[in-house]
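Student: Residues in the sequence shown are numbered consecutively from 296, following the working numbering. Glycine included, each C-beta is placed from N, C-alpha and C at the ideal position.
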Amino acid sequence: MAPVPILHLGDTLLVAVQEELGDRDALALQEALHARLERTGARGVLLDLSAVETVDSFLGRLINDMTRGTRLLGARTVIVGIQPAVAITLVELGLELRGVRTALNLDKGLALLKRLLAAEDEPGRARAR
Numbered sequence: 296m297a298p299v300p301i302l303h304l305g306d307t308l309l310v311a312v313q314e315e316l317g318d319r320d321a322l323a324l325q326e327a328l329h330a331r332l333e334r335t336g337a338r339g340v341l342l343d344l345s346a347v348e349t350v351d352s353f354l355g356r357l358i359n360d361m362t363r364g365t366r367l368l369g370a371r372t373v374i375v376g377i378q379p380a381v382a383i384t385l386v387e388l389g390l391e392l393r394g395v396r397t398a399l400n401l402d403k404g405l406a407l408l409k410r411l412l413a414a415e416d417e418p419g420r421a422r423a424r
């Protein structure tokens, strides 16, 4: 599989998974995303999983770990396009994806991420992640 594109748009990184992820590809994506966050200082990550139709326990845990890592690096994460089978698997695995918001599609996800980041910029508001 070709590397997953990570686009830098303003203060957001857009990660568009365009096909099923194997274990090695998923690990490479996690490393690339965290390195890109460190390099760019982006405050938001939009992870588009609409092309992912199934996840196993490894990939489910890796998605959870990836989102926790982005939070530790100072970025909010919104996941879009989760298929019903993927949602069911994540629930069955007991993965709550704490601190991660979801949206049905890319447009709604971008709007949500924009609102989350704007709320953090309000005066007197703590930047808790």
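Hey, out of D402, E387, T384 and L408, whose CA is closest to V395's CA?
Tutor: Of the listed residues, the one whose Cα sits closest to V395 is L408.
Student: Using CA coordinates, which residue listed in G305, D306, L344 and T384 is at the minimum distance from L324?
Tutor: Taking only the C-alpha atoms, the option nearest L324 is L344.
Student: Going by beta carbon distance, what residues of the same chain come within less than 7 Å of G305, once the five residues before and after it are set aside?
Tutor: No residues qualify anywhere along the chain.
Student: Apart from the five residues on each side of it in sequence, which residues of its chain come closer than 6 Å, Cβ to Cβ, to H303?
Tutor: Contacts found: T335.
Student: Which full runs of the alpha helix (DSSP H) of 4+ residues lie inside the region 296-347, going along the chain?
Tutor: Runs of the alpha helix (DSSP H) inside the region 296-347: 318-335.
Student: Suppose only complete runs of 4+ residues qualify. What are the alpha helix (DSSP H) ranges in the region 367-409, listed by chain order?
Tutor: Segments of the alpha helix (DSSP H) lying fully in the region 367-409: 379-387.
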